[in-house]
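*Asks:* As given, the protein sequences belong to chains A and B, one line each in that order. Here the first sequence stands for residues 1 to 223, numbered as in my numbering. Here the second sequence stands for residues 1001 to 1223, numbered as in my numbering. Note that the Cβ used here is the ideal one computed from N, Cα and C, for glycine as well. Bear in mind the structure is a predicted one, so any value in this text is a computation, not a measurement.
Protein chains: 2
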Amino acid sequence: MSRPRIRDYFQQDLDQNQNITPKQRAILQASLDLFAEKGFDQTSTSDIAQRAGVAEGTVYRRYKTKAALRDAVLAPIAAKIVPILASDFSEDELHRRYPSLQAFLTAVVNDRMQFVQNNLKELKVIFEMAAFDATRRERILSQIAPQMVQQVGSVLDQLKADQLMVDWPNDLIIQTLLSQVFGYIARLMMELPGTSFDREQTYLIAVLTKVLTPGENDQLEID
Amino acid sequence: MSRPRIRDYFQQDLDQNQNITPKQRAILQASLDLFAEKGFDQTSTSDIAQRAGVAEGTVYRRYKTKAALRDAVLAPIAAKIVPILASDFSEDELHRRYPSLQAFLTAVVNDRMQFVQNNLKELKVIFEMAAFDATRRERILSQIAPQMVQQVGSVLDQLKADQLMVDWPNDLIIQTLLSQVFGYIARLMMELPGTSFDREQTYLIAVLTKVLTPGENDQLEID
DNA sequence: CGAAAGTGAGTGTTCACTCACTCATTTATT
DNA sequence: AATAAATGAGTGAGTGAACACTCACTTTCG
């Protein structure tokens, strides 16, 4: 593929961020690692300090609370999630670059898989947080969902009009895409055996292409 | 559908269990509710006692530790998961009852969705535990995966031989099934808006039927 | 020297867990 | 049948440890 890959935004942001001392960066890194390894509640601030090679007071120099530290760890990726989800989904991109649905899906899947792999720890922390914090979850969803529907919707409509994609409601198609993405993330997070990037990629593209290609018996008997 | 539905095994087991006082049952119920609402670590034993209308000492009368209490809450469902996953997957059932792949998937999906709905809280607690406890996770997977492959495998081979199912490796097919199940569970757990049982069911069956029906371009270029 | 970064002993609170005790019911003794 | 003894579920104040967070002080660096 000739397209540029989505890079590891988190690392990038950490590096770009100026006013940050090596110790503060070590604290962020140790927090991320430990939160992903053991979970937020099971990680003590003294764990973090120890892993980062720093006194506990140093952690609280910049971050007022442990929760604020988690927010600081997640801030860079949180800002990138919506653009990642929606990028490539423009009619322009679509018509200029991709000759077929499969080619389109290949490009989309490839980038997203890279992003997930590069930010797996952050995603794990986000999922843990979202699992039991309904308020935060709703805030996130209420920001992401409409943008997805809006940015992706017109392209889906175009694909459907061109008979390139199954004629389902857009929210069902988006749900299909996201289900596969969640499944992929879950498989990575759970460290299931026998998974490899190439195999996952081939599989994801095959499933999505098959589901989203229009067929003969596609009527969904939904109101 | 004329088939019997899978019932709410957890409630059933709680009732069947003899030597259990009302207070002890209240403790189990309160634990399950609170673990699912707030998460295990965020639930204190005094929370549980209060919700159950019981003194904190009563909790420790039967359960040595808080973790043992969680295990007791999950024990009934844990014993049922493998049978649920594998039931219906016998060649006998398949040929006697189901005229088509779609009819087969409809029956399978229906029962599993009932089970998930009836045991959603328990599943949430299990997922939280599995997320950060690699040892437990591997123990669970090492028990479930081989049984799934064994019990489901021969039927999949039959379906493939009869040209009723796409000729993919069995583990990929199982992965497809489980991905959809996980996606469904995730959607329920996250309480996404706009979901209903009927809609989910129609959707799941449609997606699975489409993916698993043999087609023209099904070659997966995998070693 | 001044300012910012870093330190680690200290603090108040929360929490999992304990234990001496109560009380209602069952079993044994007269 | 009446009374005593034994049993075990239930209680809640108490305990020690862990934890998030603070602050008076030290070190680093421009």
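Can you tell me the Cα-Cα spacing of residue 65 of chain A and residue 181 of chain A, whole angstroms?
*Replies:* Looking up residue 65 of chain A in the first sequence gives position 65. Looking up residue 181 of chain A in the first sequence gives position 181. Their backbone Cα atoms lie some 32 Å apart in a straight line.
*Asks:* Please state whether the Cβ-Cβ distance between residue 74 of chain A and residue 125 of chain A is less than 8 Å.
*Replies:* Position 74 of the first sequence, counted from the first residue, corresponds to residue 74 of chain A. Position 125 of the first sequence, counted from the first residue, corresponds to residue 125 of chain A. It is a contact, given that the beta carbons lie within the stated cut-off.
*Asks:* Could you tell me the distance, in whole angstroms, from the CA atom of residue 26 of chain A to the CA atom of residue 1129 of chain B?
*Replies:* Counting from one through the first sequence, the residue named residue 26 of chain A turns up at place 26. Counting from one through the second sequence, the residue named residue 1129 of chain B turns up at place 129. Answer to the nearest angstrom: the Cα atoms are 28 Å apart.
*Asks:* Among A:151, A:185, A:78, which has the Cα closest to the Cα of residue 140 of chain A?
*Replies:* Reading the first sequence from its first residue, position 140 is the one you call residue 140 of chain A. When only C-alpha atoms are compared, the closest one is A:78.
*Asks:* Residue 59 of chain A to residue 1186 of chain B, Cα distance in whole Å?
*Replies:* The residue you call residue 59 of chain A lines up with position 59 of the first sequence. The residue you call residue 1186 of chain B lines up with position 186 of the second sequence. Between residue 59 of chain A and residue 1186 of chain B, the C-alpha separation is close to 34 Å.
*Asks:* Verify the CB distance criterion: does residue 1046 of chain B have a CB-CB separation below 8 Å to chain A?
*Replies:* Reading the second sequence from its first residue, position 46 is the one you call residue 1046 of chain B. No, residue 1046 of chain B lies away from the interface with chain A (no Cβ there is under 8 Å from its Cβ).
*Asks:* Which residues in chain B sit within 9 Å of residue 131 of chain A, going by Cβ to Cβ distance?
*Replies:* As a first step, residue 131 of chain A is located in the first sequence; it is residue number 131 there, counting from the start. Result: 1039, 1124, 1127, 1128, 1131, 1189, 1190.
*Asks:* Closer than 9 Å, Cβ to any Cβ of chain B: which residues of the segment 144 to 163 of chain A, in chain order?
*Replies:* Listed by position, the residues of the segment 144 to 163 of chain A near chain B (Cβ gap below 9 Å) are 145.
*Asks:* Determine the extent of the alpha helix (DSSP H) in which residue 1110 of chain B is found, giving its start and end residues.
*Replies:* As a working mapping, residue 1110 of chain B is identified with position 110 in the second sequence. Element bounds for residue 1110 of chain B: 1101 to 1118.
*Asks:* Reducing DSSP to helix, strand and coil, say where residue 1037 of chain B ends up.
*Replies:* For the purposes of this step, residue 1037 of chain B is taken as the residue at position 37 of the second sequence. Reduced to three states, the DSSP call for residue 1037 of chain B is helix.
*Asks:* Would you call residue 1118 of chain B buried or exposed, if buried means 16 or more other Cβ atoms sit within 10 Å of its Cβ?
*Replies:* Counted from its first residue, the second sequence places residue 1118 of chain B at position 118. Buried: at least 16 other Cβ atoms inside 10 Å.
*Asks:* In whole angstroms, give me the CA-to-CA distance for residue 1148 of chain B and residue 1082 of chain B.
*Replies:* Stepping through the second sequence from its first residue, residue 1148 of chain B is reached at position 148. Stepping through the second sequence from its first residue, residue 1082 of chain B is reached at position 82. Going from the Cα of residue 1148 of chain B to the Cα of residue 1082 of chain B covers about 8 Å.
*Asks:* Since residue 172 of chain A meets chain B, which of its residues come closer than 8 Å, beta carbon to beta carbon?
*Replies:* To locate residue 172 of chain A, count along the first sequence from 1; it is residue 172. Neighbours of residue 172 of chain A on chain B, chain order: 1203.
*Asks:* Report the three-state DSSP secondary structure of residue 161 of chain A (helix, strand or coil).
*Replies:* Translated into the one-based positions of the first sequence, residue 161 of chain A becomes position 161. In the structure shown, residue 161 of chain A sits in a helix (DSSP, three-state: H, G or I).
*Asks:* Straight-line CA distance for residue 166 of chain A to residue 56 of chain A?
*Replies:* Counting from one through the first sequence, the residue named residue 166 of chain A turns up at place 166. Counting from one through the first sequence, the residue named residue 56 of chain A turns up at place 56. About 56 Å.
*Asks:* Can you tell which of B:1039, B:1021, B:1034, B:1033 has the C-alpha that lies nearest to the C-alpha of residue 1132 of chain B?
*Replies:* The residue labelled residue 1132 of chain B in the question sits at position 132 within the second sequence. The candidate whose alpha carbon is nearest that of residue 1132 of chain B is B:1039.
*Asks:* On the DSSP letters alone, give me the boundaries of the alpha helix (DSSP H) that residue 1205 of chain B sits inside.
*Replies:* By 1-based counting over the second sequence, the position of residue 1205 of chain B is 205. It spans 1197 to 1212 - the alpha helix (DSSP H) in which residue 1205 of chain B sits, taken as one unbroken run.
*Asks:* Under 8 Å, do residue 101 of chain A and residue 213 of chain A count as touching if we go by C-beta distance?
*Replies:* Numbered from 1 along the first sequence, position 101 holds the residue referred to as residue 101 of chain A. Numbered from 1 along the first sequence, position 213 holds the residue referred to as residue 213 of chain A. Yes. Within cutoff.
*Asks:* Pull up the distance between the alpha-carbon of residue 44 of chain A and that of residue 33 of chain A, whole angstroms please.
*Replies:* For the purposes of this step, residue 44 of chain A is identified with residue 44 of the first sequence, where counting begins at 1. For the purposes of this step, residue 33 of chain A is identified with residue 33 of the first sequence, where counting begins at 1. Answer to the nearest angstrom: the Cα atoms are 13 Å apart.
*Asks:* Would you mind telling me which residues of chain A sit closer than 7 Å to residue 1137 of chain B, beta carbon to beta carbon, in chain order?
*Replies:* Along the second sequence, read from residue 1 onward, the residue named residue 1137 of chain B stands at position 137. Within 7 Å Cβ-Cβ: 190.
*Asks:* Identify which residue in A:104, A:191, A:99 has its Cα closest to the Cα of residue 1135 of chain B.
*Replies:* Counting from 1 along the second sequence, the entry for residue 1135 of chain B is found at position 135. Considering only alpha carbons, the answer is A:191.
*Asks:* Report, in whole angstroms, the separation of the C-beta atoms of residue 183 of chain A and residue 1210 of chain B, which I expect to be a contact under 8 Å.
*Replies:* Residue numbering aside, residue 183 of chain A sits at position 183 when the first sequence is read from its first letter. Residue numbering aside, residue 1210 of chain B sits at position 210 when the second sequence is read from its first letter. That pair is no contact at about 16 Å.
*Asks:* With distances taken Cα to Cα, identify the nearest neighbour of residue 1179 of chain B among A:54, A:19, A:138, A:203.
*Replies:* Against the second sequence, residue 1179 of chain B aligns to sequence position 179. Of A:54, A:19, A:138, A:203, the residue nearest in Cα terms is A:203.
*Asks:* On the CB-based measure, 16 or more other CB atoms within 10 Å of its CB, does residue 1121 of chain B come out buried or exposed?
*Replies:* One-based indexing of the second sequence puts residue 1121 of chain B at position 121. Counting Cβ neighbours within 10 Å, residue 1121 of chain B comes out buried, since at least 16 surround it.
*Asks:* Out of B:1076, B:1151, B:1208, B:1104, state which residue places its alpha-carbon closest to the alpha-carbon of residue 1123 of chain B.
*Replies:* Indexing the second sequence from 1 puts residue 1123 of chain B at position 123. Considering only alpha carbons, the answer is B:1076.
*Asks:* Quick one: give me the first and last residue of the alpha helix (DSSP H) that residue 68 of chain A is part of.
*Replies:* Indexing the first sequence from 1 puts residue 68 of chain A at position 68. Per DSSP, residue 68 of chain A belongs to the alpha helix (DSSP H) from 66 to 86.
*Asks:* Could you check the C-alpha separation between residue 1061 of chain B and residue 169 of chain A for me, to the nearest Å?
*Replies:* Stepping through the second sequence from its first residue, residue 1061 of chain B is reached at position 61. Stepping through the first sequence from its first residue, residue 169 of chain A is reached at position 169. Distance between the alpha carbons of residue 1061 of chain B and residue 169 of chain A is about 54 Å.
*Asks:* May I ask you to report which of helix, strand or coil DSSP gives residue 1173 of chain B?
*Replies:* The count along the second sequence starts at 1 and reaches residue 1173 of chain B at position 173. Looking at residue 1173 of chain B - three-state DSSP - the assignment turns out to be helix.
*Asks:* Buried or exposed, going by whether 16 or more other CB atoms sit within 10 Å of the CB of residue 198 of chain A?
*Replies:* Within the first sequence, the letter at position 198 stands for residue 198 of chain A. So residue 198 of chain A counts as exposed.
*Asks:* For residue 108 of chain A, decide whether its Cβ has a neighbour in chain B, counting only Cβ atoms nearer than 8 Å.
*Replies:* As a first step, residue 108 of chain A is located in the first sequence; it is residue number 108 there, counting from the start. So no, residue 108 of chain A is outside the interface.
*Asks:* Is residue 56 of chain A helix, strand or coil by DSSP?
*Replies:* Indexing the first sequence from 1 puts residue 56 of chain A at position 56. Looking at residue 56 of chain A - three-state DSSP - the assignment turns out to be helix.
*Asks:* Is it the case that the Cβ atoms of residue 1158 of chain B and residue 1091 of chain B are separated by a distance below 8 Å?
*Replies:* As a working mapping, residue 1158 of chain B is identified with position 158 in the second sequence. As a working mapping, residue 1091 of chain B is identified with position 91 in the second sequence. Result yes, Cβ atoms of residue 1158 of chain B and residue 1091 of chain B sit closer than 8 Å.
*Asks:* Kindly list, in the order they appear in chain A, the residues whose Cβ is closer than 7 Å to that of residue 1207 of chain B.
*Replies:* For this step, residue 1207 of chain B is matched to residue 207 along the second sequence. The contacting residues are 176, 211.
*Asks:* Since residue 188 of chain A and residue 116 of chain A should fall inside the 8 Å C-beta cutoff, what is the C-beta to C-beta distance between them, to a whole number of angstroms?
*Replies:* Walking along the first sequence from the start, residue 188 of chain A turns up at place 188. Walking along the first sequence from the start, residue 116 of chain A turns up at place 116. At roughly 7 Å, the Cβ-Cβ gap stays under 8 Å, so residue 188 of chain A and residue 116 of chain A are in contact.
*Asks:* How long is the line joining the alpha carbons of residue 49 of chain A and residue 30 of chain A, rounded to whole angstroms?
*Replies:* Against the first sequence, residue 49 of chain A aligns to sequence position 49. Against the first sequence, residue 30 of chain A aligns to sequence position 30. Distance between the alpha carbons of residue 49 of chain A and residue 30 of chain A is about 8 Å.
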